[in-house]
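K.L.:
Below you'll find the structure I mean.
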Amino acid sequence: MYLDNELYVANADGAKLCITGKMANRHGLIAGATGTGKTVTLQVLAETFSQAGVPCFMADMKGDLSGIAKAGKLSGFIEKRKDGFGIPDPQFAPCPVRFFDVFAEQGEPIKTTIANMGPQLLARLMELNETQSGVLAIAFQIAEDEGLNLITAEDLSSLLNYIGKNAKDYTTKYGNVTSASVGAIQRALLAIKSEGAENFFGLPAFNVSDFIRTKDGRGIMNVLAADKLMLKPKLYSTFLLWLLTDLYQTLPEVGDMDLPKLVFFFDEAHMLFEDTSKQLTDKIEQIVRLIRSKGVGVYFITQSPTDIPDDILGQLGNRVQHALRAFTPKDQKAVRAAADTFRANPNFKTDEAIMNLETGEALVSFLDPKGAPSIVERAKILFPLSQIGAITVDERAAFMAEYKQNTPTPTNSEGAAAVLDKRNAETEKAAEEAAAEKERAAAEKIAEKERLAAEKEAARLKKEAEREAKAKEKEREKSRKETMKTVNTVTKAIGLPSILRTIVKSFFKK
Ligand SMILES: Nc1ncnc2c1ncn2[C@@H]1O[C@H](COP(=O)(O)OP(=O)(O)OP(=O)(O)O)[C@@H](O)[C@H]1O
Ligand SMILES: [Mg+2]
Numbered sequence: 023m024y025l026d027n028e029l030y031v032a033n034a035d036g037a038k039l040c041i042t043g044k045m046a047n048r049h050g051l052i053a054g055a056t057g058t059g060k061t062v063t064l065q066v067l068a069e070t071f072s073q074a075g076v077p078c079f080m081a082d083m084k085g086d087l088s089g090i091a092k093a094g095k096l097s098g099f100i101e102k103r104k105d106g107f108g109i110p111d112p113q114f115a116p117c118p119v120r121f122f123d124v125f126a127e128q129g130e131p132i133k134t135t136i137a138n139m140g141p142q143l144l145a146r147l148m149e150l151n152e153t154q155s156g157v158l159a160i161a162f163q164i165a166e167d168e169g170l171n172l173i174t175a176e177d178l179s180s181l182l183n184y185i186g187k188n189a190k191d192y193t194t195k196y197g198n199v200t201s202a203s204v205g206a207i208q209r210a211l212l213a214i215k216s217e218g219a220e221n222f223f224g225l226p227a228f229n230v231s232d233f234i235r236t237k238d239g240r241g242i243m244n245v246l247a248a249d250k251l252m253l254k255p256k257l258y259s260t261f262l263l264w265l266l267t268d269l270y271q272t273l274p275e276v277g278d279m280d281l282p283k284l285v286f287f288f289d290e291a292h293m294l295f296e297d298t299s300k301q302l303t304d305k306i307e308q309i310v311r312l313i314r315s316k317g318v319g320v321y322f323i324t325q326s327p328t329d330i331p332d333d334i335l336g337q338l339g340n341r342v343q344h345a346l347r348a349f350t351p352k353d354q355k356a357v358r359a360a361a362d363t364f365r366a367n368p369n370f371k372t373d374e375a376i377m378n379l380e381t382g383e384a385l386v387s388f389l390d391p392k393g394a395p396s397i398v399e400r401a402k403i404l405f406p407l408s409q410i411g412a413i414t415v416d417e418r419a420a421f422m423a424e425y426k427q428n429t430p431t432p433t434n435s436e437g438a439a440a441v442l443d444k445r446n447a448e449t450e451k452a453a454e455e456a457a458a459e460k461e462r463a464a465a466e467k468i469a470e471k472e473r474l475a476a477e478k479e480a481a482r483l484k485k486e487a488e489r490e491a492k493a494k495e496k497e498r499e500k501s502r503k504e505t506m507k508t509v510n511t512v513t514k515a516i517g518l519p520s521i522l523r524t525i526v527k528s529f530f531k532k
């Protein structure tokens with residue numbers, strides 16, 4: 023509860039325990055066995071920030087955080103404790119809430135583009151090896167150079183196809199693109215699509231700084247329905263990492279402010295690290311460390327502190343430890359590990375206290391204004407002013423209807439798939455035209471050949487006719503000469519006078 027300018031969240035024997043606003047971006051941890059009050063503690067913290075004007079984002083794994091949108095009421099449990107908190111007359115009230123859902127069923131869709139997610143996160147999501155990641159990076163570079171919008175998974179798939187088909191045109195400029203790598207990326211893309219990733223890629227792309235909003239001076243609670251999403255741990259962790267990365271890249275450096283700009287709560291945080299590669303865990307660690315300077319606090323909620331990798335655990339300054347059970351040696355080890363992270367209080371033994379805490383009770387240590395952890399206190403966590411537990415399906419439907427009324431018109435932007443479809447069609451048309459041209463040229467060549475052959479044949483026939491005519495002429499000449507010879511011989515023989523012979527000869531000559 024935001025009371026007298028203080029972020030009041032717990033009470034130790036009448037002493038108020040408040041988070042130091044300036045240190046709220048030094049992150050936090052809420053741990054404890056099942057049913058000990060972690061989610062309610064999250065709710066109390068978040069609603070306190072909201073009352074102070076700080077917006078929050080929370081992944082709601084079981085749906086029980088949705089109650090934050092409704093006013094709470096006095097239960098027997100709260101009735102019993104309220105005076106101890108110094109709040110005899112609690113003003114129950116809802117928080118301003120925006121519901122989100124990657125699958126667009128329980129809240130506003132939250133989408134980003136493939137381009138915005140970037141090749142690195144995408145390669146991690148698809149679990150690509152180094153070579154395949156290299157090819158993916160090349161694909162992104164080509165998209166940028168050629169002004170192709172990578173919006174949906176379909177766009178990326180089309181681009182990969184195109185690059186695969188035209189690999190030789192790209193290899194000199196961008197490096198080797200083998201069809202084996204392209205095929206492997208296509209298969210990985212198909213796998214994440216079947217996991218539901220395609221709901222997440224598209225337009226309108228969500229602007230993460232939209233989380234940073236207030237209403238009537240209260241920070242908006244951005245509640246992400248994660249019950250379905252948590253079944254896809256890879257997608258879930260990459261999605262949250264994208265949110266943090268995008269926020270980190272978008273927000274300006276601010277240093278320590280009196281209050282954080284935004285607080286993230288990851289309930290069931292062990293999900294973030296289960297089956298998560300070392301690379302991805304390192305990336306989460308890095309971004310959690312860096313985002314502090316942007317005024318963003320990150321709070322992890324999980325059963326045992328040992329669920330969180332040490333590098334990240336070391337960065338969580340504000341701690342609320344609910345009860346842990348210690349049935350097995352492993353449990354006992356976890357209790358000791360949890361106890362060791364606190365500055366001891368001389369009034370009680372930390373490890374014993376951890377095992378004896380009641381529901382809604384916790385060991386609490388917040389950072390003091392100088393950033394040092396305070397001595398651990400055994401305290402009762404405040405009750406929330408909003409409702410504990412989920413809202414009904416109808417109540418959620420009312421929120422959805424309100425959102426749908428104000429649905430932004432989708433931005434019309436042409437993705438790479440459409441552009442490449444056109445480009446492929448143009449290439450096909452050009453190829454068809456080239457083939458037709460080739461056919462026409464070939465037909466022309468044949469016609470020319472035939473024409474030349476016909477010409478040659480005509481010339482040959484002409485020559486032959488001439489030759490025949492010549493031969494005939496020769497024949498005629500020959501027979502004429504023979505006739506003359508005979509005439510000559512005959513006229514000579516019969517002794518015709520020369521004048522008559524000349525007359526006879528000239529007659530035959532004709
Ligand atoms: N600070 C509190 N004020 C009032 N009631 C509380 C408080 N903490 C816990 N409770 C009660 O205890 C119940 C269980 O708490 P909660 O759901 O937060 O446990 P949890 O540790 O998140 O459990 P799980 O591990 O199953 O998620 C709540 O439904 C609520 O009735
Ligand atoms: Mg819970």
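So the sequence shown is residues 23 to 532, counted in the numbering used here. Cβ coordinates follow ideal geometry from the N, Cα and C atoms, glycine included. For clarity, every value in this text was computed on a predicted model and none was experimentally measured.
#1: If you reduce the DSSP assignment to three classes, tell me which class residue 309 lands in.
#2: Report the residue ranges of all beta strand (DSSP E) runs contained in full by the segment 303-361; include only those spanning at least 3 residues, in chain order.
#3: Report the residue from 31, 411, 178, 528 whose alpha carbon sits nearest the alpha carbon of residue 383.
#4: Which partner residues of residue 82 appear in the DSSP bridge assignment?
#5: What is the DSSP secondary structure of residue 227, reduced to helix, strand or coil?
#6: Round the Cβ separation of residue 133 and residue 255 to the nearest angstrom and send it over; I've been treating them as touching at under 8 Å.
#7: To the nearest angstrom, report how far apart residue 511 and residue 492 are at their CA atoms.
#8: So is residue 201 buried or exposed if we call it buried at 16+ other beta carbons inside 10 Å?
#9: I'd like the list of long-range same chain contacts for residue 441, defined as Cβ closer than 8 Å, with 5 residues on each side in sequence excluded.
#10: Examine ligand 2 and report whether any of its heavy atoms sits within less than 8 Å of the Cβ of residue 61.
#11: According to DSSP, is residue 41 helix, strand or coil?
#12: Is residue 325 near ligand 1 - that is, is its Cβ less than 8 Å away from at least one heavy atom of it?
#13: Going by CA-CA distance only, name the one from 289, 305, 368, 365 that's closest to residue 329.
#14: Is the beta carbon of residue 47 closer than 9 Å to that of residue 395?
#15: Of all the options 180, 188, 128, which has the alpha carbon lying nearest to the alpha carbon of residue 247?
#16: Please name the residue or residues paired with residue 385 in a DSSP beta bridge.
#17: Between which two residues does the alpha helix (DSSP H) harbouring residue 98 extend?
#18: Sorry if obvious, but does the Cβ on residue 290 come closer than 8 Å to a heavy atom of ligand 2?
#19: So, residue 348 versus residue 359, is the Cβ gap smaller than 9 Å?
#20: Closer than 8 Å to a non-hydrogen atom of ligand 2 - does that hold for the CB of residue 86?
#21: Specify whether the segment 48-62 and the segment 226-245 touch according to this definition: at least 3 beta carbon pairs, one from each stretch, less than 8 Å apart.
#22: How close, in whole Å, do the beta carbons of residue 423 and residue 400 come, if the pair is a contact with beta carbons under 8 Å?
#23: Using beta-carbon positions only, say whether residue 302 and residue 322 come within less than 9 Å of one another.
#24: Please name the residue in 379, 475, 390 whose C-alpha comes closest to that of residue 365.
#25: When you compare each of 94, 74, 507, 85 to residue 415 by their alpha carbons, which one comes out closest?
#26: Tell me which residue opens and which closes the alpha helix (DSSP H) that residue 262 is part of.
#27: First and last residue of the alpha helix (DSSP H) that includes residue 205?
#28: Which residues does DSSP pair with residue 32 in a beta bridge?
#29: Comparing the CB of residue 97 with every heavy atom of ligand 1, is any distance shorter than 8 Å?
#30: Should residue 269 be labelled buried (16 or more other beta-carbon atoms within 10 Å of its own) or exposed?
#31: Could you tell me which residues DSSP puts in a beta bridge with residue 119?
#32: Buried or exposed for residue 90, going by 16 or more other Cβ atoms inside 10 Å?
#33: In the DSSP assignment, find the unbroken beta strand (DSSP E) run with residue 285 in it and report its ends.
#34: Assuming contact is defined by CB atoms lying nearer than 9 Å, are residue 551 and residue 74 in contact in what I supplied?
#35: Can you give the Cα-Cα distance for residue 185 and residue 70, rounded to whole angstroms?
#36: To which residues of the same chain is residue 146 closer than 6 Å at the C-beta, ignoring the five residues directly before and after it?
P.N.:
On the basis of the coordinates in this document:
#1: helix
#2: 318-324, 340-343
#3: 31
#4: 247
#5: coil
#6: That belief does not hold up - the Cβ atoms of residue 133 and residue 255 are roughly 20 Å apart, past 8 Å.
#7: 28 Å
#8: exposed
#9: 170, 171
#10: yes
#11: strand
#12: yes
#13: 289
#14: no
#15: 128
#16: 343, 400
#17: 98-103
#18: yes
#19: no
#20: yes
#21: no
#22: Not quite, the Cβ-Cβ distance comes to about 45 Å (not below 8 Å), so this is no contact.
#23: no
#24: 390
#25: 85
#26: 255-272
#27: 201-214
#28: 39, 403
#29: yes
#30: buried
#31: 243
#32: buried
#33: 284-288
#34: Residue 551 cannot be examined here, being either before or after the span of the chain that is shown, 23 to 532.
#35: 52 Å
#36: 302
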